[in-house]
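My numbering puts the sequence shown at residues 21 to 624. Note that beta-carbon positions come from the ideal geometry of N, C-alpha and C, so glycine has one too. All values reported here derive from a predicted model rather than from experimental measurement. Take a look at the structure below.
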Amino acid sequence: MTRPFGNRPRAIATALALVCASASAIAEPQHGIAMYGDPALPPDFVSLPYANPDAPKGGQIVTAEVGSFDSLNPFIRKGSVPWQLRFFLGESFMGRSLDEPFSLYGVLAESVETGPNREWVEFTLREGAAFSDGSPVTIADVLWSYETLGTVGHPRYLGFWAKVESMEQTGDRSVRFTFSEADRELALLAGMRPILKKAQWEGVDFADSTTEVVPITSAPYVIADFEPGRFVSLRRNPDYWGADVPFRVGTNNIDEVRLEFFGDETAAFEAFKVGEVNSNREFNVARWESQYNFPAVQDGDVVLSVVPHERPSGMTGFVMNTRRDQFSDWRVRDAMLHAFNFEFINETMTGSAQPRITSYWSNSPLGMEDGPAAGRVLEFLQPFAADLTPGTLEGYSLPVSDGSERNRAGTRVALAQMEAAGWTVQDGVMANADGIPFTFDILLPQGGSENQAIIDMYVESLARIGVSPTVSVVDSAQFKERTDAYDFDMTYYRRGVSLSPGNEQYSYYGAETADQPGGRNLMGVKSPAVDAMIDRLLTSESQDDFLAAVKALDRTLTAGRYVLPIYQWNISRVAHAKELHYPETLPIFGDWPGWQPDVWWYED
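In structure tokens:
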């Protein structure tokens, strides 16, 4: 079934206007905080607009995960960890609403207060906040958590910590962070760091990857059981301290969330068909249309839900590592894009049913516009004109083939671009003037049959220009280890973005993070223009400047030709047991309802 967005106003332009409205200083403790202006919900709100406060508690949701894991600590760079644990185990001062571009409401914090220019932020802990072992959450836990995460934690925490000038306890239940630079988003980021139990880690190396230490959490779920590489069972804590906190009312309704791990997509899908798994989010439209007619669907025991969303496309595809000599030249990257016959691949994989990602913020008002840069976008980019990749200012769009397998036009352009970069076909092999062949390795995680099929077609296309890459398929632990060390030439890439981009863009694309082990800048971007556009979007004081900065960033990244984009998912396809339900009212933003345990419930 397809669920509409309800009857509330849904204009993204209105939401963006709220994001970019004139800032109003917070002069006293508040229940929430927004990037600009005030949060939409009043102090006495009962629950989030998209949560069902009357949802029953109980039941089980079982999902199929492809791959494996060897750690239960999602807050460090080492190890392979189920991605969901980062959200299950990390209760924070504030929680983010998916119905507003960037607004936070109190969870562990009963209030938040900032300086006139957000040069500092202060949080006050709720009375009664407790860890799952019954011990209270204290300011000592807060201080330890922020310093530990900021110094030895995952790289996503390091950028924020580097901008904290001081952290001090200001009361029995309050703490203040003062920042070393002007950045409006820092006050919000401070509210989103997980608070961990200090005593649990005394005498333990926090940065060490292990399954021997099960994190104690102040969040609604605890890890009840697990087997490395096989499954993780999370149980709703019946004594969870925050059940009546407005942000949590109507959420975390399911008693058990179980993550079952399988070696590949085929095994995972078969487990769903026979009932070992009761929820499956499908990304392959061809399989959705042709293989979801098994008996449980026909009998009504499994429901097929198609749910729209209003978030940007992000970038999904295959990223080229510009740290490698093969891909340091933009003309080579352009050749790789022309050889990547997307139209033929899309027809083969989805029957051409999925639209292509055309930029990092495509499918949203923040996406770059066709044609030459103009207005504020041009003004922002002009100082960097000499260093910009061709097409950034003039206008750039992805190559489009005629859909035939041979892709003659694309092949011709690819050959011309390779020749311009110093590579020609010699005796059927692409090589440089010294006769050294052009080749590279494509790194893929084990179990991704769809990605493997796409790459198989791409390898055949590359053969037409005399290029014969190798393909390395490795298990999830090796894949993480190699991508953390940037030990790849080309690899699968997925980067989600939002309508409220902020400091995370530095970790995605900033020059300072490009060589930081375990970072997210997989393509190795080191661009003054990119860094400057991130600076601008963080310091914008008007809607026009914010929009222009993001559009300029999108244009610079897309024209940089770092990724071979594939198709986007502008709807969520979720097959689930009939007992699993979600609210009628859906949030505007976010990858939802893919994150089912948040507001779904189980009811016969």
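Apart from sequence neighbours up to five positions away, the residues of its chain that approach Glu367 with a beta-carbon distance below 7 Å are Gly423, ordered along the chain. Taking C-beta atoms as the reference points, Asn272 and Tyr312 fail to come closer than 8 Å.
Taking C-beta atoms under 8 Å as the contact rule, Leu435 and Ile365 fail to qualify, at a distance of about 20 Å. By the Cβ criterion, the stretch 157 to 172 is in contact with the stretch 217 to 230, since at least three pairs of Cβ atoms, one from each stretch, lie closer than 8 Å. Taking the Cβ atoms as the reference, Val494 lies roughly 7 Å from Arg502, within the contact range of under 8 Å. Spatial neighbours of Tyr380 in its own chain (CB-CB distance under 7 Å, excluding positions within 5 residues in sequence) are listed in chain order as Gly334, Met335, Val517, Asp574, Leu577 and Thr578. If you compare the alpha carbons of Val265, Pro235 and His596 with that of Trp621, the shortest gap goes to His596.
Only residues of its own chain outside the window of five on either side were considered, and among them Arg138 have a CB closer than 6 Å to the CB of Arg204, listed in chain order.
Between Ala569 and Met553 the beta-carbon gap is near 5 Å, inside 8 Å, which marks them as a contact.
Check the Cα spacing between Ala572 and each of Phe508, Val322, Thr511 and Pro403: the tightest is with Pro403.
Ile474 sits in a helix when the DSSP states are folded into three classes. By the neighbour-count definition (other C-beta atoms within 10 Å, threshold 16), Ala451 is a buried residue.
With respect to Ala497, Asp225 sits apart: the two C-beta atoms are not nearer than 8 Å. In terms of Cα proximity to Leu209, the closest of Glu561, Pro266, Phe246 and Phe143 is Phe143. When DSSP states are grouped into helix, strand and coil, Ala239 belongs to the coil group. Per DSSP, Val433 is one residue of the alpha helix (DSSP H) stretching across Arg428 to Ala440. Taking a C-beta distance under 8 Å as the contact criterion, Ile475 and Val491 qualify as a contact pair.
In this structure, Leu128 lies away from Phe151, with their beta-carbon atoms at least 8 Å apart. Taking C-beta separations shorter than 6 Å and ignoring five residues to either side along the sequence, the partners of Tyr177 in its chain run Leu169 and Gly170, following chain order.
Runs of the beta strand (DSSP E) spanning 3 or more residues and lying entirely within the stretch 158 to 189 do not occur at all. In this structure Val66 is exposed. Its beta-carbon is surrounded by fewer than 16 other beta-carbon atoms within 10 angstroms. Pairing Trp589 with Phe303 gives a Cβ-Cβ distance under 8 Å. Per the C-alpha coordinates, the member of Thr459, Ala207, Ile236 and Glu85 positioned closest to Trp221 is Ile236.
In this structure, the beta-carbon distance from Met369 to Ala287 does not fall below 8 Å. For Leu61, no alpha helix (DSSP H) segment is defined, and its DSSP state is neither H nor E. DSSP places Gly337 inside the beta strand (DSSP E), whose first and last residues are Met335 to Met340. Assigned with DSSP and collapsed to three states, Ala150 falls in strand.
Non-local beta-carbon contacts of Glu470 in its own chain, meaning distances under 8 Å to residues more than five positions away in sequence, involve Glu285, Phe303, Asn304 and Met369 in chain order.
When secondary structure is reduced to three states using DSSP, Thr511 falls in the strand class. The stretch 508 to 525 makes contact with the stretch 538 to 557: 3 or more CB pairs, one atom from each, lie closer than 8 Å. The straight-line gap separating the alpha-carbon atoms of Ala202 and Thr559 is approximately 8 Å. Note on Pro537: under 16 other CB atoms within 10 angstroms of its CB, so exposed under the neighbour-count rule.
The continuous alpha helix (DSSP H) containing Glu285 extends over residues Glu285 to Lys293.
Residue state for Val550 is assigned as helix, using DSSP reduced to three classes. Contact between Pro332 and Ser384 holds: CB atoms are separated by about 4 Å, below the 8 Å threshold.
Pairwise C-beta distances place the stretch 272 to 281 in contact with the stretch 73 to 87, as three or more of them are shorter than 8 Å.
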